[in-house]
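Participant: Position 11 of the sequence shown, counted from 1, bears residue number 11 in the working numbering, the numbering being contiguous throughout. Here it is, the structure, as structure tokens.
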Amino acid sequence: MSTTVDTSHESMILTIDEAAAYLAIPKATLYTWRTRRAGFGPRAVKMGGCLRYRRADLDAWIVEHLEPAAGE
Numbered sequence: 001m002s003t004t005v006d007t008s009h010e011s012m013i014l015t016i017d018e019a020a021a022y023l024a025i026p027k028a029t030l031y032t033w034r035t036r037r038a039g040f041g042p043r044a045v046k047m048g049g050c051l052r053y054r055r056a057d058l059d060a061w062i063v064e065h066l067e068p069a070a071g072e
């Protein structure tokens with residue numbers, strides 16, 4: 001039986017430190033979004049009691065929060 005592992009960037013699982021670095025924000029901001037602004041921040045998953053973020057979810061969150069271009 002062979003197992004294939006998707007190693008594309010979109011499927012990467014990031015720690016909270018890596019996710020914060022990817023978004024160029026403090027790690028505390030991600031925690032705040034989860035606790036004080038539930039539903040605002042990017043989707044996360046709990047793995048063994050630790051928060052993890054899929055890079056694809058971070059990218060989708062960025063797209064959802066784009067400001068309209070000037071003149072739109």
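Every residue, glycine too, gets a C-beta built ideally from N, C-alpha and C. What you are looking at is a predicted structure, and each value in this text was computed from that prediction instead of being measured.
(1) Around the C-beta of G49, are 16 or more other C-beta atoms found within 10 angstroms, so that it is buried, or is it exposed?
(2) Decide if A19 is buried, meaning its Cβ has at least 16 other Cβ atoms within 10 Å, or exposed.
(3) For the alpha helix (DSSP H) containing R34, list its first residue and its last residue.
(4) What would DSSP say about L23, mapped onto helix, strand or coil?
(5) What are the boundary residues of the alpha helix (DSSP H) that R55 is part of?
(6) Grab me the residues of L30's own chain with a C-beta within less than 7 Å of its C-beta, minus the 5 sequence neighbours each way, in chain order.
(7) Give the single residue among P68, I62, A69, G39 whose Cα lies nearest to the Cα of I25.
Facilitator: Inspection of the coordinates gives the following:
(1) Reading the sequence shown from its first residue, position 49 is the one you call residue 49. Around the CB of G49, fewer than 16 other CB atoms lie within 10 Å, so the residue is classed as exposed.
(2) The sequence position of residue 19 within the sequence shown is 19, counting from 1. With 16 or more other CB atoms across the displayed protein chains lying within 10 angstroms of its CB, A19 is buried.
(3) Taking the first residue of the sequence shown as position 1, residue 34 is located at position 34. Run containing R34: 27 to 35, per the alpha helix (DSSP H) assignment.
(4) Looking up residue 23 in the sequence shown gives position 23. Helix at L23.
(5) The residue you call residue 55 lines up with position 55 of the sequence shown. Looking at the DSSP string, the run of the alpha helix (DSSP H) that includes R55 is 55 to 64.
(6) In the sequence shown, residue 30 corresponds to position 30, counting from 1. The residues are I16, A19, A20, G41.
(7) Here residue 25 corresponds to residue number 25 of the sequence shown, with the count starting at 1. For the options P68, I62, A69, G39, the alpha carbon positioned closest to that of I25 is the one of I62.
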